[in-house]
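The structure appears right after this line, and notes come after that.
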Amino acid sequence: MNARNWSVFTGLCGVAVFALSAVPSGAQATEVKEKPAMYSYIADWQFPRERWGDVAKINAADNIIFQAALTDGTLVGYGNDANMVHTPDGESHDTWWSSTSLAGLLKVLDKLRALDNADSPISLNPTKHWDMVLVSHYYNWKPGPYTGAYINVAMYQLKADAPDDAVSTLSKNVIVPTMEKLLADGTILEYEVDTEAIHTDAPGLVAIVYDTPQPEGVDTVRAAIRGSGKDNPLIGPAFDSMIDYSAHRDELLKGNGAYK
Numbered sequence: 465m466n467a468r469n470w471s472v473f474t475g476l477c478g479v480a481v482f483a484l485s486a487v488p489s490g491a492q493a494t495e496v497k498e499k500p501a502m503y504s505y506i507a508d509w510q511f512p513r514e515r516w517g518d519v520a521k522i523n524a525a526d527n528i529i530f531q532a533a534l535t536d537g538t539l540v541g542y543g544n545d546a547n548m549v550h551t552p553d554g555e556s557h558d559t560w561w562s563s564t565s566l567a568g569l570l571k572v573l574d575k576l577r578a579l580d581n582a583d584s585p586i587s588l589n590p591t592k593h594w595d596m597v598l599v600s601h602y603y604n605w606k607p608g609p610y611t612g613a614y615i616n617v618a619m620y621q622l623k624a625d626a627p628d629d630a631v632s633t634l635s636k637n638v639i640v641p642t643m644e645k646l647l648a649d650g651t652i653l654e655y656e657v658d659t660e661a662i663h664t665d666a667p668g669l670v671a672i673v674y675d676t677p678q679p680e681g682v683d684t685v686r687a688a689i690r691g692s693g694k695d696n697p698l699i700g701p702a703f704d705s706m707i708d709y710s711a712h713r714d715e716l717l718k719g720n721g722a723y724k
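Using this note's numbering, the first residue of the sequence shown is number 465, and each one after it goes up by one.
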């Protein structure tokens, strides 16, 4: 999920509206349960613009490894993304893969690092590079490959005094019911709520990710979030009490990938 990386719910105002979002009446009858851990490795790269056209060659070599690992069950998903909204210090591209174990991530990482240098991102002389390892207990997807999807990632920081079950509470009561409805009607292909499995930043990061197959899907998700804001007004104060909005950031990417 890539952080696979982080995009636009609706900005800061949208977060507040999302916090107020209603649990759809049809989804309220279904209890949301925590799922087994899904781990994701995200490799972020900032390539010089003159090398962007060569990234596809690297992705093609990586995808041979990814597809084999997806087929044998080592991975449950993988993909490559290009950032659509650039920042001075952010990535231009990323590669991600997901597994039900950390061992699965590391086995694939070892194979990627063993690639010939001509098929390695290092050969593109990246300006910057960094990695993240995330874990999710709230996720779902439609199986199969996708091409040219829009990956929306919204990153938040929990307040220091947020309860230990803050991510679980927000996921079960707000995020998952809304995303499941959008997944069922085909608006999105995948969603996940991630936290860091290996902390390379301050504890408390929460990332909400969803993928849409068409650009109109971004508007549809925003409309669904805004439209559900009247039915559950008590969630807004609860969300506000847990989230430090000053640390909120978004990313919007476009990419290809597959889920098992």
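Don't be surprised by glycine CBs; every beta carbon is placed ideally from N, CA and C. Remember, predicted model here, so these are calculated numbers, not experimental data.
Considering just the uninterrupted stretch of the alpha helix (DSSP H) at residue i, what are its terminal residues?
i           : result
residue 549 : Residue 549 -> no alpha helix (DSSP H), and no H or E assigned at all.
residue 641 : 640 to 648
residue 632 : 630 to 634
Can you tell me whether residue i is buried or exposed? The criterion is at least 16 other CB atoms within 10 Å of its CB, across all chains shown.
i           : result
residue 550 : exposed
residue 701 : exposed
residue 405 : The chain is shown only over 465 to 724; residue 405 falls outside these bounds and no answer can be derived.
residue 528 : exposed
residue 663 : exposed
residue 600 : buried
residue 758 : Since the displayed the chain opens at 465 and closes at 724, residue 758 lies outside it and no answer follows.
residue 561 : buried
residue 581 : exposed
residue 557 : buried
residue 707 : buried
residue 669 : buried
residue 406 : Because the chain is modelled from 465 through 724, residue 406 falls outside the range shown and cannot be assessed.
residue 641 : buried
residue 541 : buried
residue 563 : buried
residue 605 : buried
residue 635 : buried
residue 709 : exposed
residue 537 : exposed
residue 514 : exposed
residue 628 : exposed
Run through DSSP, which three-state label would residue i get?
i           : result
residue 705 : helix
residue 491 : Only weak support is given to the placement of residue 491: the predicted model assigns it a pLDDT of 41, under 50, and the question is left unresolved by the model.
residue 684 : helix
residue 580 : coil
residue 587 : helix
residue 538 : coil
residue 613 : strand
residue 592 : strand
residue 555 : coil
residue 665 : coil
residue 570 : helix
residue 623 : coil
residue 718 : strand
residue 519 : helix
residue 514 : helix
residue 652 : coil
So, using beta-carbon positions, are residue i and residue j closer together than 8 Å?
i           : j           : result
residue 614 : residue 681 : yes
residue 660 : residue 598 : yes
residue 583 : residue 525 : yes
residue 590 : residue 509 : yes
residue 545 : residue 588 : no
residue 673 : residue 656 : yes
residue 547 : residue 717 : yes
residue 498 : residue 632 : yes
Using alpha carbons as the reference points, say which of the options lies closest to residue i.
i           : options               : result
residue 533 : 616, 547, 498 and 573 : 573
residue 679 : 650, 558 and 670      : 650
residue 506 : 594, 684, 517 and 496 : 594
residue 611 : 576, 653 and 570      : 653
residue 684 : 566, 548 and 616      : 616
residue 622 : 713, 523 and 644      : 713
residue 569 : 632, 627 and 502      : 502
Using a Cβ-Cβ cut-off of 8 Å, state whether residue i counts as contacting chain B.
i           : result
residue 703 : Protein chain content of the structure displayed is limited to a single chain, and chain B is not contained in it.
Over what stretch of residues does the beta strand (DSSP E) that includes residue i continue unbroken?
i           : result
residue 504 : 502 to 510
residue 675 : 669 to 676
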